[in-house]
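Visitor: All residue numbers for the sequence shown refer to the numbering used here, where the first residue is 12 and numbers rise by one. We put the beta carbon where it would ideally sit given N, CA and C, even for glycine. As the structure is a computational prediction, the values presented were derived from the model and not from experiment.
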Amino acid sequence: MGASLSHLLPSLLGKKEYRILMWGLFNSGKTTILYSQLKNLGPVDTVSTIGFNVESVTYNRDVDLVVWDLGGRDKLRPMWGHYFSDTAAIIYVVDSTNIDRLDNAAFELRYLLDFEGVRDVRTAPLLVFANKQDLEGAKTPEEISEALKLDEFRNREWKAIACSAVDGSGIAEGMGWLMQCLQSKET
Ligand SMILES: Nc1nc2c(ncn2[C@@H]2O[C@H](COP(=O)(O)OP(=O)(O)OP(=O)(O)O)[C@@H](O)[C@H]2O)c(=O)[nH]1
Ligand SMILES: [Mg+2]
């Protein structure tokens with residue numbers, strides 16, 4: 012009862028609520044982005060996520076987000092269809108310093124986007140966070156876009172943005188782009 016009322020409250024107040032799915036290889040920085048930056052909790056110690064985290068995030072006065080952070084090691088992929096209905100947008104997080112795993116990151120991104128039965132994900136805008144830019148050797152968002160072959164995605168809006176989950180750079184820019192995509196879809 013409490014949960015369903017709290018779910019209804021934003022729409023009763025005229026607030027928009029968007030469900031956002033965040034994924035990427037393990038250790039890419041998803042949980043750090045969620046708690047340190049989106050929930051604004053400051054530095055956090057994370058452990059590799061088993062299953063998922065789901066959190067409500069107040070984006071601004073008019074918009075709430077429900078962010079699903081799926082563990083990169085998740086063995087529960089057959090269950091994905093249960094989480095994804097009404098997904099408005101996807102955030103894909105990449106460790107920009109881990110060049111050896113970029114091919115794998117490209118493969119796993121397609122696995123997610125092709126996932127059967129995930130109707131809304133087929134057109135949802137895609138924000139790629141090229142994370143860990145505070146570390147030496149981080150690839151640029153252009154290099155990450157190329158490695159992930161993002162220009163193959165012709166039927167959805169996408170953008171790669173440099174960020175650091177540790178110092179917060181780029182997070183607001185990325186989320187701002189995503190919100191613009193979502194709001195322009197509605198007008
Ligand atoms: N230097 C630096 N370290 C980061 C950054 N983002 C995350 N980390 C570190 O990378 C490690 C993994 O971060 P997590 O947020 O747990 O990664 P995850 O993507 O949630 O991993 P899984 O839950 O296993 O899928 C942690 O030690 C973080 O402190 C970043 O932007 N810069
Ligand atoms: Mg995690």
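Verify the contact flag: Gly179, CB atom, against every heavy atom of ligand 1, threshold strictly below 7 angstroms.
Guide: Every heavy atom of ligand 1 is 7 angstroms or more from the Cβ of Gly179, so no.
Visitor: Straight-line CA distance for Asn115 to Gly187?
Guide: Taking the straight line joining both Cα atoms gives about 28 angstroms.
Visitor: Use the C-beta contact count for Phe37: other C-beta atoms within 10 angstroms, 16 or more gives buried, fewer gives exposed.
Guide: Exposed is the call here.
Visitor: Is the distance from the Cβ of Ala100 to the Cβ of Leu45 below 8 angstroms?
Guide: Result no, Cβ atoms of Ala100 and Leu45 do not sit closer than 8 angstroms.
Visitor: Along the chain, which unbroken stretches of the alpha helix (DSSP H) at least 4 residues long are found entirely within the stretch 135-187?
Guide: Listed in chain order, they are 152-159.
Visitor: Could you tell me if the beta carbon of Phe37 falls within a distance shorter than 7 angstroms of some heavy atom in ligand 1?
Guide: Yes, ligand 1 has a heavy atom inside 7 angstroms of this Cβ.
Visitor: Can you check the stretch 57-106 for any beta strand (DSSP E) of at least 3 residues that lies completely inside it and give the ranges in chain order?
Guide: Correct list: 63-69, 74-81, 98-106.
Visitor: What did DSSP end up calling Leu52 once you bin it into helix, strand or coil?
Guide: Residue state, collapsed to three classes: coil.
Visitor: Mind checking Met12: buried by the 16 CB within 10 Å criterion, or exposed?
Guide: Note that Met12 has pLDDT 42, beneath the 50 cutoff, so the model's placement of it is unreliable and no number is given.
Visitor: Which word fits Lys150, buried or exposed, when buried means at least 16 other C-beta atoms lie within 10 angstroms of its C-beta?
Guide: Counting Cβ neighbours within 10 Å, Lys150 comes out buried, since at least 16 surround it.
Visitor: So what's Glu197 in DSSP terms, helix, strand or just coil?
Guide: Three-state DSSP puts Glu197 in a helix.
Visitor: Do you know offhand how far Leu76's Cα is from Phe126's?
Guide: Cα to Cα, Leu76 sits roughly 22 angstroms from Phe126.
Visitor: Put Lys26 into one of helix, strand or coil per three-state DSSP.
Guide: Residue state, collapsed to three classes: coil.
Visitor: Can you tell which of Val105, Thr134, Ala183 has its C-alpha closest to the C-alpha of Leu159?
Guide: Selected option, being the one with the closest Cα: Val105.
Visitor: Use the C-beta contact count for Thr134: other C-beta atoms within 10 angstroms, 16 or more gives buried, fewer gives exposed.
Guide: Thr134 comes out exposed.
Visitor: Comparing alpha-carbon positions, which option in Leu87, Pro54, Asn71, Glu147 lies nearest Ala176?
Guide: For Ala176, the nearest C-alpha among the options comes from Pro54.
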